[in-house]
Amino acid sequence: MEKPRSLVIGVDEAGRGPLAGPVVSTAVIIKEKIDGVKDSKCLSAVRREALFNLIVNKAIAFGIGVASPKEIDNLNILKATLLSMKRAIESLNLNYFERYGEFIKEARVFVDGNKIIPEVKFHQKAVIGGDRKIYEISAASIIAKVTRDRMMKSFSKKYPVYAFERHKGYATPLHREMIKKYGISEIHRRSFLKKLNEENSLW
Numbered sequence: 338m339e340k341p342r343s344l345v346i347g348v349d350e351a352g353r354g355p356l357a358g359p360v361v362s363t364a365v366i367i368k369e370k371i372d373g374v375k376d377s378k379c380l381s382a383v384r385r386e387a388l389f390n391l392i393v394n395k396a397i398a399f400g401i402g403v404a405s406p407k408e409i410d411n412l413n414i415l416k417a418t419l420l421s422m423k424r425a426i427e428s429l430n431l432n433y434f435e436r437y438g439e440f441i442k443e444a445r446v447f448v449d450g451n452k453i454i455p456e457v458k459f460h461q462k463a464v465i466g467g468d469r470k471i472y473e474i475s476a477a478s479i480i481a482k483v484t485r486d487r488m489m490k491s492f493s494k495k496y497p498v499y500a501f502e503r504h505k506g507y508a509t510p511l512h513r514e515m516i517k518k519y520g521i522s523e524i525h526r527r528s529f530l531k532k533l534n535e536e537n538s539l540w
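Positions in the sequence shown are counted from 1; adding 337 to them yields this note's numbering.
Shown next as structure tokens:
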């Protein structure tokens with residue numbers, strides 16, 4: 338496989354806001370333009386799945402990083418998100434090595450949001466609304482969203498009473514009702530629930 342000359346890495350996350358489940362980040366290098374790739378929030382689940390397969394097949398390299406609900410509780414959501422992004426970059430670098438026989442020496446990294454990722458050696462730029470502005474971030478947003486949705490569907494088999502396959506851990510009326518009825522599971526974010534409870538906005 339021919340090694341690309343200049344590398345642009347897009348990084349985005351999925352799952353900062355839910356009451357349950359991990360935060361998932363993706364880092365991707367992709368040169369080939371795929372029609373329809375845009376911010377994952379603007380796409381239907383069916384379209385995201387179709388684009389996910391195209392992006393994964395056409396990407397030069399990609400990596401996925403996850404921070405668990407426990408890490409979110411221990412660190413806070415911002416630090417946990419940045420940790421998942423760092424892990425995504427590390428995973429991408431390993432994927433690149435597997436394909437090209439060397440690690441990435443130099444790259445430009447565009448991160449969705451207003452923070453750059455700590456302890457990443459590449460040149461970085463944080464881009465607010467980057468998932469709507471930069472192709473590589475849009476591609477990363479789709480992989481991250483589909484990956485997290487699949488994880489939550491898998492969790493729904495272990496914790497069927499919460500209907501995670503329907504709301505993916507977000508604070509929908511159904512999810513709040515299930516928490517009220519059954520309590521919390523191992524994958525609920527205790528820090529989020531505590532804050533909502535203190536604000537009297539959980540119920």
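Beta carbons are placed, not taken as given, at the ideal position from N, Cα and C, and that holds for glycine.
Could you work out which residue in the options is closest to residue i when comparing CA atoms only?
| i | options | result |
| --- | --- | --- |
| F389 | K505, S522 and I479 | I479 |
| H525 | G373, V345, R342 and E408 | E408 |
| V393 | N534, S528, T484 and V448 | T484 |
| P359 | G402, I471 and A387 | G402 |
| A283 | L391, A398, L419 and I397 | Residue 283 is absent from the structure shown; the chain starts at 338 and stops at 540. |
| F501 | I346, K470 and G352 | G352 |
| Y499 | A508, H512 and G347 | H512 |
| Y519 | A364, P497 and G450 | P497 |
| L429 | V361, I441, I454 and F399 | F399 |
| R503 | A444, K490 and K378 | K490 |
| K375 | I366, K368 and R385 | R385 |
| P406 | L533, E535 and R527 | R527 |
| I454 | E427, G438 and M488 | E427 |
| M515 | E535, S493 and K532 | S493 |
| N411 | E535, S377, N534 and F529 | F529 |
Exposed or buried, which one is residue i when buried takes at least 16 other CB atoms within 10 Å?
| i | result |
| --- | --- |
| R436 | exposed |
| E473 | buried |
| H310 | Residue 310 lies beyond the residue range present for the chain, which begins at 338 and ends at 540; the question has no answer from this structure. |
| P510 | exposed |
| K370 | exposed |
| L415 | exposed |
| D372 | exposed |
| K505 | buried |
| S381 | exposed |
Can you look up residue i in the DSSP assignment and give me helix, strand or coil?
| i | result |
| --- | --- |
| W540 | Low local confidence applies: a pLDDT of 49 at W540 is under 50, so the model's placement there is unreliable, with the coordinate-based value given in what follows. Note: W540 maps to coil in three-state DSSP. |
| I480 | helix |
| F459 | coil |
| R342 | coil |
| G467 | helix |
| D544 | For the chain, the structure presents residues 338 to 540; residue 544 sits outside this window and is missing. |
| I397 | coil |
| S522 | coil |
| S362 | strand |
If I measure Cβ to Cβ from residue i and keep anything under 6 Å in the same chain, skipping five residues before and after, which residues do I get?
| i | result |
| --- | --- |
| I543 | Residue 543 lies beyond the stretch modelled for the chain, which goes from 338 to 540, so this question has no answer here. |
| R424 | G402 |
| D449 | D349, G467, D468 and I474 |
| S522 | Y496 |
| I346 | A364, I366, A444 and V446 |
Keeping to the same chain, check which residues put their C-beta closer than 7 Å to that of residue i; ignore five residues upstream and five downstream.
| i | result |
| --- | --- |
| I441 | L344, N430 and Y433 |
| G354 | Y507 |
| A476 | G347, V365, I367, V374 and I392 |
Less than 8 Å between C-beta atoms, sequence neighbours within five positions excluded: which residues of the same chain meet that for residue i?
| i | result |
| --- | --- |
| S421 | E350, P359, V360, V361, S362, G402, V403 and A404 |
To test your reading of the DSSP string, which unbroken alpha helix (DSSP H) runs of 4 or more residues are found completely within the segment 401-453? Segments of the alpha helix (DSSP H) lying fully in the segment 401-453: 406-412 and 414-437.
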